[in-house]
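**Q** The structure's right below; bear with me while I get my questions together.
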Amino acid sequence: MALDHFIRMSAKCSRCATTCQVYQATGDLKDIPCYRSELLLSVYRRHFTMGGMLRGRLLGGGYLTDEKIQEMAESFWNCTACRRCTLECPSGIDHGLITHLGRYILSEIGIAPRALVVSTREQLEGTSGNTSAIPVPALIDTLEFLEEDMLEEKNVEIKFPIDAEGADYVFFPAVSDFLMEAETLMGIAAVFTATGDSWTTGTGYFDGINYGLFYSDRMLERVVKKIDAETRRLKGKNVLIGECGHASRSAKYFLPAYCGGKDAFPVINIMEYTHKVWKEGRLKLDPNVVTEKVAYHDPCNIARQRWIIDQPRELLKTFCRNYVEMTPFGEDNICCGGGGGTVSIDEIRPYRTTIGGKLKADQIRRSGCNILIAPCANCKKQLKELVEDQGIDCEVMGLHDLIYRAIIFDDSLIIKKDDKPEYEAEEK
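Under our numbering, the sequence shown is numbered contiguously, ending at residue 510.
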């Protein structure tokens, strides 16, 4: 239906070129979004419309060749799928949707990045059941270690509930956070300890990542159904997604599509929750702890559709005295340069940090920030590599990393040294 609609419009005005950061970096006409979209639209016109089929029979030509398929594969995966170009299109053509459809078709004939395919296969068919291949015992050990760390640092017994039935929130972070972003998880656990609301992580399934959003609707559906099944198993009330743009978007918009429509579990991003409890006065943050210059990066998957823009900024401005805004921001933000699943392809890191992320690097430099908040697992990985490769003196972290530093606990939660759990005494 979408392609049938788009082929009736002009898709060659190139107005989208003014917003595409890949084209702005390369100047290559093949990187203009409407050129990329036309690769697929021309195939649809030729082979799936009456006029195209008649012209082909009478005049010949327009055949789908190996060379054209190769060009589509390269073009569709050069795109970060940030969808910024869609905001500029006067005809309302969604170039991001066309790119996704092109990738999906290619994946059905066996053409897809190996990194995404291998991770998704492990998530859906592997023994671990998640994209990082983390066994459940390793997950539990990691969370227990973080609990001990937090007790030592905060003198507060902060817990990660596991397999708690009937919790208000069943938590699905990007599973890579358990390996790479411990401080983000610690900040989230600290917020729940401060508010006292019930939450849990399930051992049946604990991965919010959904690479199907980038290349395959079939995989997207299967992953979403795993989130639904685990929430039902634990008799949870809400699906809580961690700091991850694509994980949030895939659950928010596709859980209703595949798992019950209006009766599907509500999906909440952790920043929405933290903002809500802060507005209710249940979360207190110290405005004197963070003195560095702080900027916020909008992940495309939660900002482009105006879903989460103001909430994290309101939080940051309450306890970061030196907050600076990068421009453009919000729905018009500049992508990190590794969107659309490209950040998972380590072989193209030079491309991501010199071409895909060039405009973002320039924006970070202009802001002069010391800390860049990026509440998305993919954005964090890409931006950390970007500032390293571009030589920018800036630390990239999650929103809850900073909240962990500034959170103020009620006196009733503070544990005296003599009252600490036994494992602390045993260690000493």
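Every residue gets a Cβ at the ideal spot worked out from N, C-alpha and C, and that includes glycine.
Keep in mind the model is a prediction, meaning the values are calculated, not measured.
Three-state secondary structure (DSSP) at L122?
**A** Looking at L122 - three-state DSSP - the assignment turns out to be helix.
**Q** CB A512 to CB N351, shorter than 8 Å?
**A** Residue 512 lies beyond the stretch modelled for the chain, which goes from 83 to 510, so this question has no answer here.
**Q** How far does the alpha helix (DSSP H) with N160 in it extend, from its first residue to its last?
**A** D148 to N160
**Q** Could you tell me how far apart the beta carbons of A163 and F296 are, in whole angstroms, since I believe they sit closer than 8 Å?
**A** 7 Å
**Q** I'd like the list of long-range same chain contacts for L206, defined as Cβ closer than 6 Å, with 5 residues on each side in sequence excluded.
**A** R304
**Q** Alpha carbon to alpha carbon, what distance is there between L140 and A346?
**A** Using only the alpha carbons, I get a separation of about 51 Å.
**Q** Does Y378 come out as helix, strand or coil in the three-state DSSP assignment?
**A** If DSSP states are grouped into helix, strand and coil, Y378 belongs with the strands.
**Q** Please state whether the Cβ-Cβ distance between T224 and A246 is less than 8 Å.
**A** no
**Q** Ordered along the chain, which non-local residues of its own chain (more than five positions away) have a Cβ less than 8 Å from that of Y186?
**A** Y297, S298 and D299
**Q** Nearest-angstrom Cα distance between I291 and A256?
**A** 5 Å
**Q** For M479, does the three-state DSSP call read helix, strand or coil?
**A** strand
**Q** By DSSP's criteria, C402 is part of a beta bridge. Which residues make up the other side?
**A** Looking at the DSSP output, C402 shares a beta bridge with V372.
**Q** How about Q464 and A443: do their beta carbons lie closer than 8 Å?
**A** no
**Q** Rank C461, I455, L495 and F88 by C-alpha distance to the C-alpha of L519 and give the top, closest one.
**A** No statement about residue 519 is possible, as the shown extent of the chain runs from 83 to 510 and does not include it.
**Q** Using the beta-carbon count (16 or more within 10 Å), is L146 buried or exposed?
**A** exposed
**Q** Taking buried to mean at least 16 other C-beta atoms within 10 Å of its own C-beta, is K462 buried or exposed?
**A** buried
**Q** Between the Cα of G248 and those of T313, E263 and T266, spot the shortest distance and give me the residue it belongs to.
**A** T313
**Q** Among I485, K498, S494 and I496, which has the Cα closest to the Cα of E265?
**A** I485
**Q** Can you tell me whether L365 is buried or exposed, with buried defined as 16 or more other CB within 10 angstroms of its CB?
**A** A buried status is given to L365, since no fewer than 16 other beta-carbon atoms sit within 10 Å of its beta-carbon.
**Q** Grab the span of the alpha helix (DSSP H) containing N237 for me, first residue to last.
**A** Looking at the DSSP string, N237 is not in any alpha helix (DSSP H), and its letter there is neither H nor E.
**Q** Taking just the CA atoms, how far does P243 sit from S494?
**A** 20 Å
**Q** Can you find the residues in the same chain that come closer than 7 Å, C-beta to C-beta, to E229, ignoring five residues on each side of it along the sequence?
**A** I240, K241 and F242
**Q** Taking the C-alpha atoms as reference points, what is the distance between R447 and R128?
**A** Answer to the nearest angstrom: the Cα atoms are 46 Å apart.
**Q** Using DSSP with H/G/I as helix, E/B as strand and the rest coil, what is A507?
**A** Summary for A507: the model assigns pLDDT 46, below 50, so the residue's position carries little reliability; its value from the coordinates is reported in the next sentence. Three-state DSSP puts A507 in a helix.
**Q** Along the chain, where does the alpha helix (DSSP H) that runs through F253 open and close?
**A** Not the alpha helix (DSSP H): F253 falls in the beta strand (DSSP E), residues Y251 to F254.
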